[in-house]
Structures are given as C-alpha cells and as structure tokens.
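In this note's numbering, the protein residues as written are 57 to 283. A virtual CB, placed ideally from N, CA and C, is assigned to each residue, including glycine.
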Amino acid sequence: MHFDVFTLFPEMFSAYLDESILKRAREADLLRVELHNIRDYTTDKHHTTDDVPYGGGGGMVMKPEPIFAAVEGVLGAPPVCPVILLTPQGRRFTQKVAEELVQQERLALLCGRYEGVDERVRQHLVTDEISIGDYVLTGGELPALVMIDAITRLIPGVLGDENAASNDSHASGLLEYPHYTRPPEFRGWEVPEVLRSGNHAEIERWRQQQSRERTQQRRPDMLEGEE
Ligand code: ADE
C-alpha cells in the first residue's frame, strides 16, 4: 500500500511512522508513505500557501495553485489514484471505510489547515472527503495518520497473526471480549475461571457472550445496524 501525503507539516508524521507496527510494515515494504510538503510547490518569493478569504471574514484559506502543483506533480493530471481530503465535512471514517480503502494500491491524503482549502480544490482535484469524527482539529495531519494506521493493519502480513485484525472490535460488528494475562490474581482480582480451564469450546462461548453483552451495554446502536 502506497500513501502520498500532502501537508504543510511533514515533520509531524515521523514520530508515529517510525515506531512499532507501522515501522515494521514499512521495512517489510508492505507500507510506503511519501510525504510531500505543499510549500515546496509554491513559486513566489515568500512561499505563500494561504491567503485571506474572498468576501471577508476571519481565518485564512489554503491557495489552490501549490496544492494542484503538488498533487499533479506527483500523481499526474488527472491523478493516478484517489485523492482524499481530510476535513470535518467529509464522510465519516469507520472500519468499513478502512476495509474499502485497503483495496486500493495507492492513496493520496491531502491535509487541510486553517479555515480550509479553496473550494476549487474540492471540486476539481479531490475525489473523496473524509472526517475521522465530529470534532474539529487544527489540521488534517492527525486524521491522515489515523487513516494510515487503521488501513495498514488490514494489509495481509502486517499483523503477526493473519487473523488478528478479524477479531477486532468493529471488524465483526461487535465489540471485543475482555482480555486477561498473568498473573491469575492481582490485588485479589481474579482472572475468570473459564479462561484458565483449557476448555476451548467453553472459552469461545464465553467470549462470544461477553462480546454481545458489551456491545448491548456500550454500543446498542451497533446492534441496530447503525454506524
Ligand atoms: N481536519 C480538522 N478536523 C478534522 C476531522 N475531524 N477529520 C478530518 N479532518 C479534519
């Protein structure tokens, strides 16, 4: 899977991409992330990437020219892959959307800043708009990392156990069952007997029941087929 990230702050990404599972996925060539600084595609002396909004009002708007130059410079015109704008106005990112997007070979993620991007970018360059939730962040960089993380762990071979992702909360449409590890007793709190029984059929039954109860208690909307 190949991500091209277009951002004004490429340095924000390395701490996260250079650790743990994403680091290993990159080393194994299962994941490739190329960071492109939109500022490098400006042509004026001051490297301007934003400007005041037509019609007045507060905030700044990201200019279209450097964004088009960056995306088309890297991906061609029209771009060879989907171009996703991270914005609170986009469709909601869910496990289902991650499963849909992992089917792509390559994805471009465009991180907005300030009040947003010039509308012509949305209309004539972007092919999809995604929000990671109903709250407003200072930019699309964290949302891009959230998407890269959620999508990458679905790539076959990225998680140690090929089935690991299919047991997750949300993958099955239910929340996950509780997990325990050693010690068997901690501060008087015991690991449920069934998990120590070695009876795999019983354990499976217990886990399924816990998943259902948890989902009913915490996320009844998931049982009604809502997102
Ligand atoms: N940019 C700012 N807030 C965002 C959000 N919730 N999702 C995606 N992009 C954003």
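Three-way DSSP call (helix, strand, coil) for residue i in this model
i	result
R147	strand
G195	strand
V202	helix
S187	strand
I207	helix
V136	coil
CA nearest to the CA of residue i, picked from the options
i	options	result
V130	F59, D277, G254, E241	F59
G168	E75, E175, L181, M118	M118
E161	Q179, V139, E75	V139
L201	F149, T271, T105, R261	F149
S228	M278, V173, P234	M278
V214	F65, R80, T183	R80
T237	V247, G111, R243, A84	V247
Q273	E232, R82, Y191	E232
T183	L142, L198, A71	L142
D205	F65, H102, L73, L64	L73
H226	T105, Q145, K152, V136	K152
Cβ-based burial, residue i [other Cβ within 10 Å; buried from 16]
i	result
F62	buried
H180	exposed
V89	buried
F69	buried
E197	buried
A133	exposed
P122	buried
A220	exposed
Run of the beta strand (DSSP E) containing residue i, from where it starts to where it stops
i	result
A164	162-167
Residues that DSSP places opposite residue i in a beta bridge
i	result
T63	N93
W245	F242
Any C-beta of chain B under 7 Å from that of residue i
i	result
F59	Given the protein chain composition of this structure (a single chain), no chain B is represented.
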